[in-house]
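One structure is given here, and the rest of the page talks about it.
There are 2 protein chains.
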Amino acid sequence: MTESVEQLQKEVEFQLSQLDFPQQPESLYDPLRYMLSLGGKRIRPVLVLLANDLFSGKRENAMPAALAVEVFHNFTLLHDDIMDRAPLRRGKPTVHQKWNSNIAILSGDAMFVKSCQLITQTPISAMPAVMNLFLKTALEVCEGQQYDMDFESRNDIEIEEYLEMIKLKTAVLVGACLGIGAQIAGAKEEEVKHIYDFGVNLGIAFQLQDDILDVYGNEQKFGKQVGGDIIANKKTFLLLSALKNAKDQTAIELQQWLAYDGADNASKVNAIKNIYETLHVKECAEKKMDELYAEALSHLDALPINQERTAALRKLSSMLMLRES
Amino acid sequence: MTESVEQLQKEVEFQLSQLDFPQQPESLYDPLRYMLSLGGKRIRPVLVLLANDLFSGKRENAMPAALAVEVFHNFTLLHDDIMDRAPLRRGKPTVHQKWNSNIAILSGDAMFVKSCQLITQTPISAMPAVMNLFLKTALEVCEGQQYDMDFESRNDIEIEEYLEMIKLKTAVLVGACLGIGAQIAGAKEEEVKHIYDFGVNLGIAFQLQDDILDVYGNEQKFGKQVGGDIIANKKTFLLLSALKNAKDQTAIELQQWLAYDGADNASKVNAIKNIYETLHVKECAEKKMDELYAEALSHLDALPINQERTAALRKLSSMLMLRES
């Protein structure tokens, strides 16, 4: 396996562009094509292919499932965008904005069906196991999204609950991509388990990195307004840690800023960043992230596989974890 | 196969009540349980079981798929209710009304995942074929719903397009239920095709019956306001036939009533019923319905199966076609 991650991304992009959707009804399939054309790093399908390579599987056996996870991921983005009333996705109008909510609901449904159909194109020796892992994961992603919505109106969220939520909402799919690639290559059950656990831990660590970058990222590279989570009072790992650790005057000040409804966002961001500093919240998040990343790598190390062969996966992981955006 | 349709309905109802959904998150799974508790005739799962019986399949092999089609059907109702902004379903508040639209979207998604999971519980000898037919049908149902929404804003719908729409939106699922039952019992491909075509034709005929009953049904037995389609200018087979056949003064009068925005619904219903009578629209719909029903039965006759064994299916079909509500 000497192929670079970039080559795999290109291959996935090409195969996605070759997916054949019906022309009619246009109002069902155009949004689906549009959503898939918005781009993205195609990390999830690349993970399927890398895991399949790792266990010496044939590329063509894993391609339908690789495309399936990307179509599925885009289905969840499509429905999430409706729920979040998001106007933009990758800088372009969201489907419900460009068309309408009804079309977004229904083309999302069709997209999910399509992803299942792609899974059924997996060679039959692996298909039932792949389908089971895929559907289990799909249900968990729904659960994660529901917890995320529930959390908006709750003020008693424990950090452990938050970690469980991001695990379900994003990390289990990362694990499933790797597990599915391994299943298709015919890996043993305990190997599938290790590569899955590698992915889940990596996925949670990645999400914590996202929480950190939202506050401390390089604005140019991060590509969105730094401090957005703070302005929106989003219950991230950072805010939950601060809420847990703040005492006396700091706790009062934090609550005041959370209740602040003025227009001076810069002051709010600065004030809360100061509180985070007092409470060493960033270090706390980085510590958790490092632990999760180490736990992830320990599962990779546990595989009876020459370290060289895991190079591409390790490189991709460190790229994901060392990013500034 | 001497079991009555009523017994099968009871068995399905019991098995549905035994489905084990997680407790948490409540806001995801409560709506799902609620939707399934609203009742209904459970015709679709009964069709799966009847077709499986017809080809001497074991009941327990077909039960997961029978439950799957009912869960899937309820998923489509849940999402359709959001799109139609329907306040009531079987006399009870719809999910988006009782909770909210976001919860309705997401619990619908979870319900679809659940239906696929039930399909995977089909014995492996039949599972891939059953899954393929199930997913193909699911995509067609999305297409049918999209055409139905598209038709609302179109004024040039041909009768053939309308028939294709109701075929996709409701009839292919009836066919798929029967096809799936036959597949699980190990029926030959041409047998599966015949029982599928029986179901599709029956499904379209059933939907035409629905159009007719909305205008000419017994109000008490029909359970909803007779003439509702006329009041809403719904583009049913009857209205499309009238629009196609109306000439001169009748055409002008029809257009005037379609443009009517007064409150005297009774006069509108009466006037349009009179136009239908002039144009023999009811007879035209009944003729089409009878043709489709005959076509359906011809596929049942084509099966190399003792007529006695098809008795339950024939009885259920005639019950569906001779209903007054």
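Chains A and B are the protein sequences, given in the same order.
Going by the numbering used here, the first residue of the first sequence is number 79, and it counts up by one from there.
Going by the numbering used here, the first residue of the second sequence is number 79, and it counts up by one from there.
Just so you know, even glycine gets a beta-carbon here, dropped at the ideal spot from N, CA and C.
Interface flag, residue i vs chain B, CB-CB below 9 Å
i, result
"residue 352 of chain A", "no"
"residue 198 of chain A", "yes"
"residue 228 of chain A", "yes"
"residue 142 of chain A", "no"
"residue 310 of chain A", "no"
"residue 139 of chain A", "no"
"residue 330 of chain A", "no"
"residue 214 of chain A", "yes"
"residue 192 of chain A", "yes"
"residue 251 of chain A", "no"
"residue 195 of chain A", "yes"
"residue 103 of chain A", "yes"
"residue 236 of chain A", "no"
"residue 179 of chain A", "yes"
"residue 206 of chain A", "yes"
Environment of residue i [buried if 16+ CB atoms lie within 10 Å]
i, result
"residue 257 of chain A", "buried"
"residue 368 of chain A", "exposed"
"residue 363 of chain A", "buried"
"residue 130 of chain A", "buried"
"residue 81 of chain A", "exposed"
"residue 47 of chain B", "Nothing can be reported for residue 47 of chain B: it is not among the residues displayed for chain B, which extend from 79 to 403."
"residue 142 of chain B", "buried"
"residue 307 of chain B", "buried"
"residue 226 of chain B", "buried"
"residue 297 of chain B", "exposed"
"residue 253 of chain A", "buried"
"residue 384 of chain B", "exposed"
"residue 111 of chain B", "exposed"
"residue 160 of chain B", "buried"
"residue 209 of chain A", "buried"
"residue 218 of chain B", "buried"
"residue 396 of chain B", "exposed"
CA-to-CA distance, residue j to residue i, given in whole angstroms
i, j, result
"residue 371 of chain B", "residue 283 of chain B", "6 Å"
"residue 199 of chain A", "residue 166 of chain A", "33 Å"
"residue 324 of chain A", "residue 347 of chain A", "17 Å"
"residue 377 of chain B", "residue 105 of chain A", "34 Å"
"residue 293 of chain B", "residue 351 of chain B", "8 Å"
"residue 466 of chain A", "residue 235 of chain A", "Shown here, chain A extends from 79 to 403; a query on residue 466 of chain A therefore has no answer."
"residue 102 of chain A", "residue 262 of chain B", "31 Å"
"residue 155 of chain B", "residue 163 of chain B", "12 Å"
"residue 212 of chain B", "residue 194 of chain B", "8 Å"
"residue 120 of chain B", "residue 366 of chain A", "50 Å"
"residue 375 of chain A", "residue 132 of chain A", "15 Å"
"residue 309 of chain B", "residue 207 of chain A", "52 Å"
"residue 113 of chain B", "residue 96 of chain B", "15 Å"
"residue 326 of chain A", "residue 361 of chain A", "21 Å"
"residue 139 of chain A", "residue 89 of chain A", "14 Å"
"residue 223 of chain B", "residue 153 of chain B", "13 Å"
"residue 158 of chain B", "residue 220 of chain B", "10 Å"
"residue 151 of chain A", "residue 148 of chain B", "26 Å"
"residue 83 of chain A", "residue 391 of chain A", "9 Å"
"residue 259 of chain B", "residue 144 of chain B", "8 Å"
"residue 274 of chain B", "residue 118 of chain A", "41 Å"
"residue 331 of chain A", "residue 245 of chain A", "31 Å"
"residue 205 of chain B", "residue 230 of chain A", "40 Å"
"residue 359 of chain A", "residue 401 of chain A", "20 Å"
"residue 99 of chain B", "residue 108 of chain B", "9 Å"
Beta carbon proximity, residue i to chain A, threshold 9 Å
i, result
"residue 203 of chain B", "no"
"residue 160 of chain B", "yes"
"residue 364 of chain B", "no"
"residue 187 of chain B", "yes"
"residue 221 of chain B", "yes"
"residue 225 of chain B", "yes"
"residue 209 of chain B", "yes"
"residue 157 of chain B", "yes"
"residue 123 of chain B", "no"
"residue 404 of chain B", "Missing from the structure shown is residue 404 of chain B; chain B here goes from 79 to 403 and no further."
"residue 217 of chain B", "yes"
Exercise. Of all the alpha helix (DSSP H) runs that stay within the bounds of the segment 175-215 of chain B, which reach a length of 4 or more residues?
Worked result: 179-198
Exercise. Can we say the segment 241-251 of chain B touches the segment 170-182 of chain B, given the rule of at least three CB pairs closer than 8 Å?
Worked result: no
Exercise. What are the complete alpha helix (DSSP H) segments, minimum 4 residues, inside the segment 279-340 of chain A?
Worked result: 297-300, 306-309, 315-323, 326-337
For this session: Say whether the segment 120-132 of chain A touches the segment 179-186 of chain A, bearing in mind that this needs 3 or more beta-carbon pairs closer than 8 Å, one atom from each stretch.
Result: no
Exercise. Between the segment 277-294 of chain B and the segment 305-314 of chain B, do at least 3 Cβ pairs fall closer than 8 Å?
Worked result: yes
Exercise. At what residue ranges does the segment 371-400 of chain B contain a whole run of the alpha helix (DSSP H), taking only runs of 4 or more?
Worked result: 389-400
For this session: Decide yes or no for the touch test of the segment 333-340 of chain B against the segment 267-278 of chain B: beta carbon pairs closer than 8 Å, at least 3 of them.
Result: no
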